[in-house]
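Report on the following structure.
2 protein chains.
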Amino acid sequence: MAEGRPGATPMGESLLFLTDEQLRQGIEAMFFAYRGFTADPDRILSELAYGRAHHRAIHFINRAPGTTVNNLLSILGVTKQSLNRVLRTLIEDGLVESRVGKIDKRERHLFLTADGAALEKTLSDAQRARMRVAFRDAGPEAVAGFRRVLEAMMDRDMQHIYTRLKDSGS
Amino acid sequence: MAEGRPGATPMGESLLFLTDEQLRQGIEAMFFAYRGFTADPDRILSELAYGRAHHRAIHFINRAPGTTVNNLLSILGVTKQSLNRVLRTLIEDGLVESRVGKIDKRERHLFLTADGAALEKTLSDAQRARMRVAFRDAGPEAVAGFRRVLEAMMDRDMQHIYTRLKDSGS
DNA sequence: TTGGAATGTCAACAACACTGACATAAGCTG
DNA sequence: CAGCTTATGTCAGTGTTGTTGACATTCCAA
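Respectively, the protein sequence lines represent chains A and B.
Take 1 as the starting number for the first sequence in this note's numbering and just add one per residue.
Take 1 as the starting number for the second sequence in this note's numbering and just add one per residue.
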């Protein structure tokens with residue numbers, strides 16, 4: 001989207017939202033909001049001896065059941081060792097099931113068990129509740145803008161992954 | 001989930017943006033965007049043997065020069081031990097100066113040195129550059145919505161801190 | 001059969017958070 | 001002044017999450 005009224009003055013009227021001060025406020029808003037964003041799930045997880053990494057794994061396994069380990073790695077952007085530590089505990093605890101691939105037997109396909117799905121629901125209910133309040137308070141146009149800015153802030157790879165997930169879920 | 005029809009929805013026009021699917025997309029957008037948000041500073045910091053915690057300290061000391069340790073603690077939301085570890089290295093490396101309070105000598109007031117200010121500029125230039133592109137691509141209305149949603153997502157305490165900082169900086 | 005891909009595992013390490021305990025200095029209150 | 005509180009710093013231990021590097025296993029494909 002290359003914008004830019006051809007004839008308008010450069011600083012005329014409305015590039016105010018691009019001043020360093022405005023950008024800094026955006027940065028701080030991201031920082032404080034992310035804390036709120038993770039606060040509710042974090043509280044639940046800490047009582048279960050799990051952390052954010054477990055939440056993320058559970059979230060995306062729920063979102064794309066049967067996903068392979070490699071696919072999950074590219075979504076989460078961590079090393080396989082790091083993910084493996086988390087997956088191992090989730091599998092040991094009976095929240096995640098790992099099935100050997102039928103076509104390619106090297107691959108492991110990941111699924112939530114009933115217990116895993118229950119925890120996922122608990123976590124995402126809490127996180128969605130906050131998001132719902134924020135969305136409702138801000139209104140639909142604000143939500144559209146929120147998503148537009150966030151999407152533009154992602155790395156290109158993440159944009160693709162995000163879009164792919166988004167389209168698969170609707 | 002069969003939805004769609006813009007005109008005749010059960011909830012009266014437009015509460016579509018509050019469906020679970022929409023909320024989940026918002027959640028994933030936050031997750032992926034935050035990765036992008038921290039990516040550029042993280043790259044710079046990793047070459048200097050610093051981490052995100054150092055960045056946050058530097059950012060807020062720059063934002064509120066002379067702030068006390070306790071004030072910084074409430075902004076960052078970590079324990080004093082955690083913050084102290086970071087501050088100690090920054091002071092040792094000559095990026096931050098700690099001055100005993102004149103009125104209350106128990107307090108330490110924190111300032112960036114010239115070197116500290118230089119690093120702050122490097123980091124915030126990188127982070128602002130990405131934010132600027134995202135803001136420009138999304139447009140002013142989207143930016144306003146972005147900020148409205150983020151603000152509504154914060155914990156109440158953080159809303160107050162955020163607002164106070166915002167008003168002090170403009 | 002050989003090479004490479006996917007996965008898993010072990011070890012070591014670092015950043016960053018936590019709790020708990022204790023020390024010091026300074027301010028405040030009775 | 002004595003005693004309590006506050007602000008800060010420090011030490012020790014622990015946990016989660018990330019990293020590298022090395023190596024083994026399995027299995028597909030050329």
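Each residue gets a CB set at the ideal place from its N, CA and C atoms; glycine is no exception.
Values in this document were obtained by computation on a predicted structure and should not be read as measured data.
Label residue i either buried or exposed according to how many other C-beta atoms from any shown protein chain fall within 10 Å of its C-beta, with 16 as the threshold for buried.
i, result
"G169(B)", "exposed"
"A142(B)", "buried"
"A2(B)", "The pLDDT assigned to A2(B) is 44, lower than 50, so where the model puts this residue is not dependable; a value taken from the coordinates is nonetheless given after this. Looking at its Cβ environment, which holds fewer than 16 other Cβ atoms inside 10 Å, A2(B) is exposed."
"G94(A)", "exposed"
"R88(A)", "exposed"
"A57(B)", "buried"
"A138(B)", "buried"
"H160(A)", "exposed"
"V133(A)", "exposed"
"Q22(B)", "buried"
"R156(B)", "exposed"
"R128(A)", "buried"
"R179(B)", "Residue 179(B) is absent from the model: chain B starts at 1 and stops at 170."
"R5(B)", "Only weak support exists for where R5(B) lies, its pLDDT of 42 falling under 50; the value from the coordinates is given anyway. Looking at its Cβ environment, which holds fewer than 16 other Cβ atoms inside 10 Å, R5(B) is exposed."
"R164(A)", "exposed"
Between residue i and chain A, is there a C-beta pair that is closer than 7 angstroms?
i, result
"L150(B)", "yes"
"P65(B)", "no"
"A29(B)", "yes"
"Y50(B)", "no"
"G94(B)", "no"
"F111(B)", "no"
"A118(B)", "no"
"G36(B)", "yes"
"G4(B)", "Low local confidence applies: a pLDDT of 40 at G4(B) is under 50, so the model's placement there is unreliable, with the coordinate-based value given in what follows. Cβ-Cβ to chain A under 7 angstroms: no for G4(B)."
"G26(B)", "yes"
"D40(B)", "no"
"A33(B)", "yes"
"S170(B)", "yes"
"L18(B)", "yes"
"V147(B)", "According to the sequence displayed, residue 147(B) carries Arg and not Val. Yes, because at least one Cβ of chain A sits closer than 7 angstroms to the Cβ of R147(B)."
"D104(B)", "no"
For the alpha helix (DSSP H) that contains residue i, what are its first and last residues?
i, result
"F32(A)", "D20 to S46"
"F60(B)", "R52 to R63"
"V78(B)", "Counting along the chain, V78(B) falls outside any alpha helix (DSSP H), and DSSP gives it neither H nor E."
"D167(B)", "R156 to G169"
For chain B, find out if any of its Cβ atoms is closer than 7 angstroms to the Cβ of residue i; answer yes or no.
i, result
"R128(A)", "yes"
"P140(A)", "yes"
"D167(A)", "no"
"D115(A)", "no"
"T9(A)", "For T9(A), the predicted structure reports a pLDDT of 48, less than 50, and the residue's modelled location is therefore unreliable. A value from the coordinates is still provided. Not an interface residue."
"D125(A)", "no"
"V143(A)", "yes"
"T53(A)", "According to the sequence provided, residue 53(A) is Ala. The question's Thr does not apply to it. So no, A53(A) is outside the interface."
"A134(A)", "yes"
"E21(A)", "yes"
"D157(A)", "no"
Between which two residues does the beta strand (DSSP E) carrying residue i extend?
i, result
"F146(B)", "Run containing F146(B): none in the beta strand (DSSP E); it sits in the alpha helix (DSSP H), P140 to M153."
"V100(A)", "V96 to V100"
"S108(A)", "In the sequence as presented, Ser is not what sits at residue 108(A); that position holds Arg. R108 to L112 is the span of the beta strand (DSSP E), which, as asked, contains R108(A)."
In chain order, what residues of the same chain have a beta carbon less than 8 angstroms from the beta carbon of residue i, not counting five sequence neighbours either side?
i, result
"K101(A)", "It should be noted that the sequence gives Gly, not Lys, for residue 101(A). Excluding residues within five positions, the ones whose Cβ falls inside 8 angstroms are T68, E107, R108 and H109."
"H59(B)", "E120, L123 and S124"
"Y162(A)", "E151 and M154"
"I254(B)", "As displayed, chain B neither begins before 1 nor continues past 170, which places residue 254(B) out of reach and without an answer."
"L48(B)", "L119"
"K166(B)", "none"
Taking 6 angstroms as the cut-off, is the beta-carbon of residue i closer than that to any non-hydrogen atom of the ligand ZN?
i, result
"A29(A)", "The ligand content of the structure shown is nil, which means the ligand ZN is not present either."
Give the C-beta separation of residue i and residue j to the nearest angstrom, bearing in mind that I take them to be a contact with Cβ-Cβ under 8 angstroms.
i, j, result
"A126(A)", "P41(A)", "6 angstroms"
"F37(B)", "M30(A)", "5 angstroms"
"F32(B)", "G26(A)", "That belief does not hold up - the Cβ atoms of F32(B) and G26(A) are roughly 17 angstroms apart, past 8 angstroms."
"G145(B)", "F17(A)", "Going by Cβ atoms, the distance from G145(B) to F17(A) rounds to 11 angstroms, so no, they are not a contact pair."
"R35(A)", "G77(B)", "6 angstroms"
Return the chain-ordered list of same chain residues with a C-beta closer than 6 angstroms to the C-beta of residue i, the five sequence neighbours on each side being excluded.
i, result
"N62(B)", "L112 and E120"
"V86(B)", "A53, H54 and A57"
"D115(A)", "G94 and L95"
"A8(A)", "Legend: pLDDT at A8(A) = 47, less than 50; position of this residue unreliable, value from coordinates given subsequently. The answer is none, since no qualifying residue turns up."
Which same chain residues, not among the five before or five after residue i, have their C-beta less than 7 angstroms away from its C-beta?
i, result
"H55(A)", "P41, L45 and L123"
"L73(B)", "K80 and L83"
"I75(B)", "F60 and I161"
"G51(A)", "L45"
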